[in-house]
Each structure stands twice: as C-alpha cells, then as structure tokens.
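These protein sequence lines map, in sequence, to chains A and B. Per the numbering used here, the first sequence starts with residue 1, numbered consecutively. Per the numbering used here, the second sequence starts with residue 1, numbered consecutively. Even for Gly, the Cβ is constructed at its ideal location relative to N, Cα and C. These figures come from a predicted structure and were not determined experimentally. To keep things clear, I will list the structure first and then write my remarks on it.
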Amino acid sequence: MNVFDLNTIMDYKRTAITIGLLLCFISATAQFRLPSFDIAVKAGFLSMSDDRHTSNGNHYNFTYESITWQAEANLHLGQRLAIGWFYNKKLYGNYHGDSDNDGTAASDRDASHLMYGINLRLSGGRAPKFRPYVQVKYYWLETVVQYPGYRVAADMNGVAAGVGVMLRVSNKLYINLIEGELSMITKNEKVLFADSNLFAQLRAGLTYNFSKRK
Amino acid sequence: MSSPRKFYAFAFMLCCLSCTIIEDTDILTSDQLDDLKLTAIDIVQETSARNSSSTIRIIKDSAMNLSTSNGTITRYVEMEMDGFAAGKLKFRSGVTGTITLYQSYLSDGRPHTFGIVKNNVIVELHRYRYGTNNRLNVINFFLGEDNLVYHDSMVYNSDGNISSMIREAPGDPAMNVTITMEYGGGNPVTVSRVRAGSLELQQSNGNCPNNSQQQNCIAYFRSIAGQGGNNGNMTVVIKNDHGISLLNEVSIEDFRMDNGNTGQESDAYFFHPLMINKQDLALGEDLMSIYMVDWWDPRSYTTGSAIQHERVRFKYNYGL
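Next up, the structure:
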C-alpha cells in the first residue's frame, strides 16, 4: 500500500468519525428539546498567502485567491447556540505568483480548494432586525494548483473564528449581510503554504430557519 | 418530512459532499516534488508570419557511472526532436530534420556535455568544465566533434560573479575577445552590461512589466546600424515562469520597438543549450545573459509602422 492509498483511507476515516460524532450529538440533544435548525447558502472571497523560497535562492510571494460558495446546516441547541456542518468550495480560483522586487506577476495558475468542517455559532440575541453572531470552526482544507503536467496539493486542517451580522427579513429568512473569518492552519503537508499560518475569508448570503418556535 | 429528518438530510448531504479533491498522482510532499522529471519541452515560435511548435521529447533518462578526468558522469539524458518549423529559432550548425540531443551530468547535477547529433554524427557540442571548487571554469563549443569554435574561460570577481570571459577562437583568431560584464539592477544582482569588443548589450527593462528588472523578467538592447545610417536599439526580453521550485517556461521576446519607433526587421535566435539547461547551472541566469553574444542574431534596423512583437517560448513539462 503506498502513501496515497493510506492518505485516502485516512481521509475517509476521519470524515466518517466526524459524521458519526455529529450525528450522535444531534441525536442526544434531540431527546430533550424541540428540534430546530437552519440552512445557509453563502458566497465570499478567500485569500491565502504563500511565501516561497525556491531552491535557487529566489523568493516569491504566491497567493491563492478564490471566489467561494458555501453551504451550511446548523442545529439549534438553544436560542443562541447552534452547531452544524459546512462545505466550502471555489467558484473561481487562482494561484498567483509575485516576485519580491516589485510585485509584478510571475505566474497565474488555475487552482481550487475544498474546505469543510464543524461550525459552532453563538448569536448575539433575538433583536427584531440585526442579529450579530460569532462562530468558531474546526475545518479540513485541501488546495490543488495545476502546473503543466502535474498538480501540487496541500492537505491542511485548523481552527477558524469569525463574526457576522444577520438581517431578519421574516420569521424564517435572514440575510447574512457580512461575515468575516480568520483561519489558523494547524497541520500541513508542507509543500504548498509551508510557511503560512493564517488566512482570511469574507462572505455574505442567505439563511433559512426551519425553527418550530416563533 | 419532519424537521429533524430534514436536518439529518441536509447534514448528511453536506457530509457526503465533503470528499477529497486530491488525487493519487498529486504532489503533496517535497520528496514527491523531487521525483518529478522533465518529460518534454514544447518550443513555440510566435512570429508575425505564423505560429509553429516543436517538441523536444525525453526518450532516455538513465543512471550511469563513467569516470572521466572531469569527474564521474552519473546521469545521461537523451532527447529527440524534429527540428524547428519556423525560422525564428535555428541551429548554429544549420542542421534540420530529426535530430537527437543529449546531456550528461556529473554526480551533483552539474551539466558535463551537451550534444546535438544528426544521423549518428555530432553536429554541435558544448562541454562544461569545472575547477576544483566545482565552479564552472570553461565552456567549449564545437561545430562537429572536433572543430573547436570557442574556448571560453570564466574569470570570477570577489562576489562570485563572472566578471569576464576570455574567448579564444582557434579557427579564427580575429574572434578572440575578452567579454566583460557589469552587474546591478536589484536583488539579486543581474548582468547589467555585456561588452565584447565593439558589441555592447545593455540591460534596459522598459519592456518588462512595470518597467523594471525583476527575477522573472530581464530585458536588453543593443544598438545596431540601420537603413540610412540610422542606429536603432534592438531589444530582447527574457521571461521566466517559476513553479514550485521548478522552471515552467522561458520566453524570449523580440520587442520590435524603440522609443515609439518600430523596427521592421525581426531578429532570429540560435538555439543554445542554456535555453533548456540554465536551471542546472549555478549562474545559469547570468550565463543566459552573457551568451546573448552568441544566441541573439539581430537583423538590420529600419523604422516603420507598428509590427507584431515576436517570441519563442520554451515550455517545460514534468511528470512522475
């Protein structure tokens, strides 16, 4: 069995464990309260810097930039707390290289990412119109950059924290006006983003509430 | 469907979407990156007349153990190509049709010999010879197997750059010359000026993006007499496209313009092994600039209406 097979198996294994834990948690909480949840669809922008020192001594600053879409499902654990799963992928992605002298483009590569994980959201209150919230996430992130004849990939995970504000349109529909998020990379396979620790995202979208409570 | 079931359905759907985008053949580690090998070089010539492409195919990349007086050759790469379809790029020997190219390497990856063979006969040969400190001392260029055209000896300055190159031409002593270099233009320093007798090549990066020299773009001009005794500045722009520690593309652009005037004659370039192996040499970028005295073949300068710039692109393809 080569390293690729092992990585693939580990990917499936960790996903399965996460799904199992999440479903167990949801089942347990569902015994004690009326189930209530929301789903959200959002679009945003992701930017990851990747400073690189090549073997011939040159220094380049690469940046992965992506216009993203994100889907979420969050189970409400109370009036303010919700836990859920999110899935984030590129609509457009570009791995852009600058030299360190004057920032002129050295290259542009087609690139993509897949990000998913657990989301914990704490709402600021049940104000009639604007509802601020904070959220923390544990995520898995994969990025792939296309070069002529080969692809370079990174397999990462980490934690993220963000703030946002929702505008209440109706009992069930909310507009996520703005959502900012800072992510910290805790584990990386060390080819892409080897020296990167942080990246940022901005998003906006719609949230539909399936709550039974009014 | 009840709400909890709906939630389970959405959550399950998102979890199912969370599969990997990484494929088994993707490069994830530095070791895998080091295992990538050059498989082919596409050479695209974009001229005002037409575009054409040729491919240098790597047909053999094997280990060997051959002791020579210049070190032990441990790697031999054999390539094949069908010649150049357009005349922007050409061989110094004039060879056409299907040819074989080969490159041998010393144990630490330094090039030892580069040859071009037609019908089992060597037509061009470049020999790289190193000093005791592994520094490049001599490059010999042969037309044919034994006809030594140039014997170039490198002289280094205290910064470790090549300050001059003493050229001996046994077949034509009139070509003996000391080629001198100046350095400057940013960090790292690059060759800012090359002088070979009356010939002078000067770095002028107005044709690079943002009008400035940088690691991925460097431009030079040389003054050349034109029609009516007017002198014009002929420009060449060398651009590198780097990937993850690998060179992905080198392009040589013929900017047919000088201060708003347009030179109507298009330059030609002689194929030089540095166009495909400069990344294997410690001072490969500088040597690429210095050897413009050989590979840049400018034509007479005339002014005229706007004309399309031309270029030759070397696209490197890698695979496991």
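Between residue 116/A and the set 72/A, 51/A, 46/A, 67/A, the nearest pair of CA atoms involves 72/A. Bounds of the beta strand (DSSP E) holding residue 249/B are 247-255.
Judged by pairs of C-beta atoms under 8 Å, the region 158-168 of chain A touches the region 121-135 of chain A, as three or more such pairs exist.
Measuring C-alpha to C-alpha distances from residue 61/B to each of 74/B, 69/B, 287/B identifies 74/B as the nearest. Nearest C-alpha to residue 119/B among 84/B, 182/B, 144/B: 144/B. Beta-bridge analysis with DSSP links residue 180/B to 164/B, 195/B. In the three-state reduction of the DSSP assignment, residue 170/B falls in the coil class. Residue-level contact by beta carbon holds for residue 150/A and chain B, with a gap shorter than 8 Å. Ranked by Cα distance from residue 183/A, the options 109/A, 127/A, 156/A are led by 156/A. Below the 9 Å Cβ cutoff, chain A contributes 148 as neighbours of residue 315/B, in chain order. Taking a contact to require three or more Cβ pairs closer than 8 Å, the region 62-72 of chain B and the region 82-101 of chain B do not qualify as touching. Counting only Cβ-Cβ distances below 7 Å, residue 195/A has no contacts in chain B at all, with the closest Cβ about 13 Å away.
Within its own chain, the residues whose Cβ lies closer than 7 Å to the Cβ of residue 95/A, once the five positions on either side in sequence are excluded, are 62, 64, 109, 111, 145, listed in chain order. Looking only at 50/B, 126/B, 59/B, the smallest Cα-Cα distance to residue 310/B is reached by 50/B. When the beta-carbon positions are compared, residue 43/A and residue 205/A come within less than 8 Å of each other. Taking a Cβ-Cβ threshold of 9 Å, the residues of chain B close to residue 112/A are 21, in chain order.
Of the candidates 172/B, 90/B, 112/B, 112/B places its Cα closest to the Cα of residue 278/B. For residue 289/B, the uninterrupted alpha helix (DSSP H) segment begins and ends at 284-290.
Taking 8 Å as the threshold, the shortest C-beta distance from residue 142/A to chain B falls below it. Of the candidates 129/A, 203/A, 210/A, 203/A places its Cα closest to the Cα of residue 47/A. Look at residue 276/B here: in three-state DSSP terms it is helix. The beta carbon of residue 40/B is closer than 7 Å to those of 55, 56, 57, 58, 317 in its chain, skipping five residues each way along the sequence. In the three-state reduction of the DSSP assignment, residue 82/B falls in the coil class, being assigned neither a helical nor a strand state. Cβ atoms of residue 200/A and residue 179/A stay farther apart than 8 Å, at about 11 Å. Contact annotation: residue 154/A and residue 139/A have beta-carbon atoms that are not nearer than 8 Å. DSSP places residue 152/B inside the beta strand (DSSP E), whose first and last residues are 147-156. Counted as a single uninterrupted DSSP element, the alpha helix (DSSP H) harbouring residue 34/B occupies residues 30-35. Between residue 313/B and residue 251/B, the CB-CB gap stays under 8 Å. With fewer than 16 other CB atoms across the displayed protein chains lying within 10 angstroms of its CB, residue 5/B is exposed.
Inter-residue distance for residue 67/A and residue 49/A is about 15 Å (C-alpha atoms, whole angstroms). Taking a Cβ-Cβ cut-off of 8 Å, the neighbours of residue 27/B in chain A comprise 150, 151, 152, 153, 191, given in sequence order.
Taking 8 Å as the threshold, the shortest C-beta distance from residue 318/B to chain A falls below it. With a cutoff of 8 Å on beta-carbon distance, residue 78/B and residue 102/B are scored as near each other. For residue 37/A, same chain residues with a beta-carbon under 7 Å away, outside a window of 5 residues either side, are 73, 74, 75, 76, 210 in chain order. Within the model, the alpha-carbon separation for residue 127/A versus residue 84/A is close to 22 Å.
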